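When you line the sequence shown up against full-length UniProt numbering, it's residues 1 to 394, in that order.
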Amino acid sequence: MQFIIAFLIVMVFMMIGEWVSSITHAYIPSVFVTAVLFVLGFWTILPKNIVASASFGTNFSSICVGLLLVHLGTLMSLKELLQQWRAVCIALLGVVGTLVLTLTVGTWIFNWHTVVAAVPPLTGGLVSALLMSNGLKAQGIQSLVALPVSMFVFHSLVGYPLTSWLLKKEGRRLVTEFNQLPAIEQEVVPDNQDDNAHMDKDLFKKLPTKYKTAAFTLVKVALVALLSSWISSLTHGNLNSNVICLILGVIAHQVGFLETNVLNKAGVYNWLIYGLLAYIFAQLSITTPQQMGGIVIQIVVLIALGLLGMFIASSLLAKPFKMTWQMAYACSLTSLFGYPADYILTSEISHEVANNKEEENYLLANMMPKMLVGGFATVSVASIIIASVFLKLL
C-alpha cells in the first residue's frame with residue numbers, strides 16, 4: 001500500500017504543476033510548481049525515498065534518459081541538428097560569461113572555495129551539482145558539501161520562470177512572423193505528413209501490422225540506446241552517451257528504422273517523462289532548511305552574478321549569431337537545468353502561445369532544436385569538463 005501512496009503523491013505533484021501551468025497560460029511553468037512542491041514536501045512531511053518507493057529509482061531513470069533521447073531524435077532531421085551550431089556557440093559562450101563574472105566579482109565578495117564549489121551547478125545543472133558534492137565529500141570539505149545541491153535548488157526556482165518568460169516573448173514574435181509569411185510558406189509539415197514522408201524508408205514495411213506491437217517498437221528504441229552506450233564505452237566516456245543517443249535517434253529515423261514520435265506510438269512517453277522528472281526532483285531532498293539558511297546569501301549573490309554574466313554574453317552575441325536576445329539568453333539558460341526541463345518548457349510555451357496547430361509546429365520547429373542542442377552542449381558536455389576542472393581548483 002505504501003508504494004501506491006508514494007506513486008499517488010508523485011503524480012499529484014505532477015498534476016498540480018500541469019494544472020497551474022495551464023491556468024496561468026505557462027507564465028508559471030509546470031516544472032517550477034512541481035519543484036516547489038517537492039522542496040516543501042521534503043522539508044516537512046515527505047519521506048526522502050518517496051520517489052524511489054514510487055518505482056522511479058536510479059535504474060529506471062537511466063533507462064528513461066536513453067529511450068527519451070532516442071525518441072527526441074525521431075522528431076528532428078540530421079539537417080536541423082547540424083544547423084544548430086549557433087545555439088551551441090551561444091550556450092557555451094553564455095557559460096563563459098557566467099564563469100568570468102563569478103570568478104572575478106564573486107571571489108572579491110566571497111572566499112575562493114565557496115565560489116569554486118557553488119559555480120559549476122550554474123553551468124551544468126544537476127550533473128555538476130552531484131559531481132561537486134561527491135568531490136567535496138571525497139576531499140573531506142564537509143562545510144561546503146551542501147552548497148552545490150543547494151545552488152541547484154535555488155537556481156532551478158529562478159531559471160524555470162525566467163526561461164519560460166523569454167520563450168513566451170520569442171514565441172509571440174514567431175507567431176507574428178508566421179502570420180506575415182505568404183500562405184504557401186505557412187504550410188509547416190504536420191506530424192502525419194512527416195510520417196508519410198518516411199514511409200518509403202520504412203525498413204519494416206513488409207512486416208505484417210499485427211507484429212508491429214508496442215513491445216516491438218520498444219525493442220527497436222532500446223537497441224538504438226544500447227548501441228549509443230556501447231559507442232560511448234568504446235571512447236571511455238569521452239563521447240557522452242546522451243549526445244550519441246540523440247544523434248543515433250535522428251539517423252535511425254532518417255533511414256526508416258524508427259518512426260516519428262516513436263514513444264508516443266508505443267504509448268509509454270508520458271510514463272517515462274514523469275519518471276525522469278520525478279527522479280530529478282528527488283535530488284531536492286538532499287538539502288534542509290538549516291543548510292540553506294546558512295548559505296543563502298552566497299547562493300543568491302552568485303546566482304545573480306551568474307545570470308548577469310549569461311545575459312551580457314547572450315545579448316552581445318545574439319545579433320552576430322542571428323538570434324533575438326531572448327532566444328539567445330534562453331539557450332544559455334539551458335545550462336541551469338538541461339533535459340527534460342528544456343523540452344517541457346518549450347513544449348508548454350509553444351502550445352500556450354500558438355493559436356492553432358500550424359503556429360505551434362512553427363514555434364516548435366524554430367525553438368525546440370535550439371533549446372535541446374544548447375542544453376546538451378552545456379549540461380551533457382561542458383558541465384563534466386567544468387566540474388572536473390573546478391574539483392582540482394579546490
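Ideal Cβ placement from N, Cα and C applies to all residues, glycine included. Nothing here was measured: the structure is a model prediction, and the numbers come from that model.
Would you report the Cα separation of residue i and residue j, rounded to the nearest angstrom?
{"i": "I50", "j": "A318", "result": "43 Å"}
{"i": "V65", "j": "I251", "result": "18 Å"}
{"i": "T34", "j": "L81", "result": "30 Å"}
{"i": "G267", "j": "A214", "result": "7 Å"}
{"i": "M11", "j": "W325", "result": "36 Å"}
{"i": "L72", "j": "Q2", "result": "34 Å"}
{"i": "I385", "j": "F56", "result": "28 Å"}
{"i": "P209", "j": "H253", "result": "The sequence shown places Thr at residue 209, rather than the Pro named in the question. Approximately 19 Å between the Cα atoms of the pair."}
{"i": "I312", "j": "G97", "result": "7 Å"}
{"i": "S228", "j": "G375", "result": "19 Å"}
{"i": "T24", "j": "H351", "result": "13 Å"}
{"i": "A6", "j": "Q84", "result": "40 Å"}
{"i": "V189", "j": "G106", "result": "For V189, the predicted structure reports a pLDDT of 45, less than 50, and the residue's modelled location is therefore unreliable. The matter cannot be settled from this model."}
{"i": "N192", "j": "V39", "result": "The pLDDT assigned to N192 is 41, lower than 50, so where the model puts this residue is not dependable; a value taken from the coordinates is nonetheless given after this. Their backbone Cα atoms lie some 40 Å apart in a straight line."}
{"i": "F216", "j": "P320", "result": "46 Å"}
{"i": "E259", "j": "W112", "result": "51 Å"}
{"i": "Y211", "j": "I4", "result": "33 Å"}
{"i": "S388", "j": "I109", "result": "24 Å"}
{"i": "Y343", "j": "C331", "result": "12 Å"}
{"i": "I231", "j": "N59", "result": "20 Å"}
{"i": "S22", "j": "G256", "result": "36 Å"}
{"i": "A138", "j": "L144", "result": "12 Å"}
{"i": "L305", "j": "A129", "result": "18 Å"}
{"i": "S315", "j": "L167", "result": "15 Å"}
{"i": "A282", "j": "P47", "result": "10 Å"}
{"i": "L203", "j": "A341", "result": "33 Å"}
{"i": "H198", "j": "V175", "result": "Interpretation of H198 is limited by its pLDDT of 49, a score under 50 that renders its predicted location unreliable; the figure taken from the coordinates is listed afterwards. Cα-Cα distance, rounded: 28 Å."}
{"i": "K265", "j": "T235", "result": "33 Å"}
{"i": "I28", "j": "I244", "result": "32 Å"}
{"i": "residue 420", "j": "I297", "result": "Nothing can be reported for residue 420: it is not among the residues displayed for the chain, which extend from 1 to 394."}
{"i": "F32", "j": "K205", "result": "43 Å"}
Assuming residue i and residue j form a contact by the criterion Cβ under 8 Å, report the distance between their Cβ atoms to the nearest whole angstrom.
{"i": "L147", "j": "T114", "result": "7 Å"}
{"i": "L372", "j": "Y329", "result": "So it is not a contact: roughly 16 Å between Cβ atoms."}
{"i": "L272", "j": "L37", "result": "About 21 Å; that fails the 8 Å criterion."}
{"i": "F390", "j": "P120", "result": "5 Å"}
{"i": "M14", "j": "L263", "result": "Actually they are not in contact, since the Cβ atoms of M14 and L263 sit about 17 Å apart, beyond 8 Å."}
{"i": "L363", "j": "A377", "result": "That pair is no contact at about 21 Å."}
{"i": "M132", "j": "I299", "result": "Not quite, the Cβ-Cβ distance comes to about 14 Å (not below 8 Å), so this is no contact."}
{"i": "L246", "j": "L69", "result": "5 Å"}
{"i": "W19", "j": "P289", "result": "That belief does not hold up - the Cβ atoms of W19 and P289 are roughly 27 Å apart, past 8 Å."}
{"i": "K370", "j": "A26", "result": "At roughly 18 Å, the Cβ-Cβ gap does not stay under 8 Å, so K370 and A26 are not in contact."}
Using beta-carbon positions only, say whether residue i and residue j come within less than 9 Å of one another.
{"i": "L302", "j": "V153", "result": "no"}
{"i": "I295", "j": "S61", "result": "no"}
{"i": "L345", "j": "L307", "result": "no"}
{"i": "S335", "j": "M310", "result": "yes"}
{"i": "A117", "j": "L136", "result": "yes"}
{"i": "S156", "j": "I349", "result": "no"}
{"i": "M327", "j": "M367", "result": "yes"}
{"i": "V149", "j": "I286", "result": "yes"}
{"i": "residue 404", "j": "G41", "result": "Nothing about residue 404 can be reported from this structure: the residues present for the chain run from 1 to 394 only."}
{"i": "A382", "j": "V95", "result": "yes"}
{"i": "T74", "j": "N261", "result": "yes"}
{"i": "V219", "j": "L248", "result": "no"}
{"i": "E359", "j": "N179", "result": "yes"}
{"i": "F337", "j": "G171", "result": "no"}
At what residues does the alpha helix (DSSP H) containing residue i begin and finish?
{"i": "L92", "result": "W85 to L101"}
{"i": "T334", "result": "From DSSP, T334 is part of no alpha helix (DSSP H); its letter is neither H nor E."}
{"i": "E80", "result": "L78 to L82"}
{"i": "T44", "result": "Looking at the DSSP string, T44 is not in any alpha helix (DSSP H), and its letter there is neither H nor E."}
{"i": "P208", "result": "Where P208 is concerned, there is no enclosing alpha helix (DSSP H), given that its DSSP letter is neither H nor E."}
{"i": "residue 396", "result": "Summary: the structure shown does not reach residue 396, with the chain confined to residues 1 through 394, and so no result is reported for it."}
{"i": "M310", "result": "P289 to A318"}
{"i": "F7", "result": "Q2 to I23"}
{"i": "D342", "result": "A341 to V353"}
{"i": "residue 409", "result": "No statement about residue 409 is possible, as the shown extent of the chain runs from 1 to 394 and does not include it."}
{"i": "S279", "result": "In the sequence as presented, Ser is not what sits at residue 279; that position holds Tyr. Segment Y269 to A282, the alpha helix (DSSP H) holding Y279."}
{"i": "P148", "result": "A146 to N179"}
{"i": "N111", "result": "No alpha helix (DSSP H) holds N111; DSSP gives it neither H nor E."}
{"i": "I63", "result": "T58 to G73"}
{"i": "A266", "result": "V262 to A266"}
Would a check of beta-carbon distances place residue i closer than 9 Å to chain C?
{"i": "M323", "result": "Although the question refers to chain C, the structure presented lacks it and comprises just one protein chain."}
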